[in-house]
Amino acid sequence: MEEWQGESFWRAEPGEFLIGHYEGVEQIQGQFGPQNVLKLSDADGTLWKVRMTAVLQNLLNERKPVIGQRIGVKYFGRPGRYHKWGVILDEDVPDFKPPAGV
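One gets the working numbering by counting positions in the sequence shown from 1 and adding 553 to each.
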């Protein structure tokens, strides 16, 4: 996790995940121009922003989360040319219980 221009960005390491409520996607001005970020609010109410890769964007386009829906995002690393991500929605696991403190 990191702070950048006063906002909380999730800088994921392989194997890490973030669970929160989907708050949408917004475009920000990044170091190299416009960039889309995923917004998630966690159980503590912190709004996290996740820099979007093409793979993560495609997963969100396929899954189509709605605002306020609980989702989980996991970063698996970069085993080849592309960053590998996973996205799960609360409806995928109806009896899901997040780890303590999440």
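For each residue, glycine too, the CB sits at the ideal point set by N, CA and C. Only a predicted model underlies this, so the values are computations on that prediction, with no experimental measurement involved.
Shown here for W563: same chain residues with a beta carbon closer than 6 Å to its own, the five before and five after excluded, namely M554, L571, W601, V603 in chain order.
For V626, the enclosing beta strand (DSSP E) starts and ends at 623-630. Closest option to K627, judged by alpha-carbon separation, among V578, Q584, E576, L642: L642. Within the same chain, Q588, V590 come within 7 Å of I581 by CB-CB distance, once the 5 residues on both sides are set aside.
For the pair Q622 and Y575, the CB atoms are nearer than the 8 Å cut-off. Counting the other CB atoms within 10 Å of its CB gives A607 a total below 16, which places it among the exposed residues.
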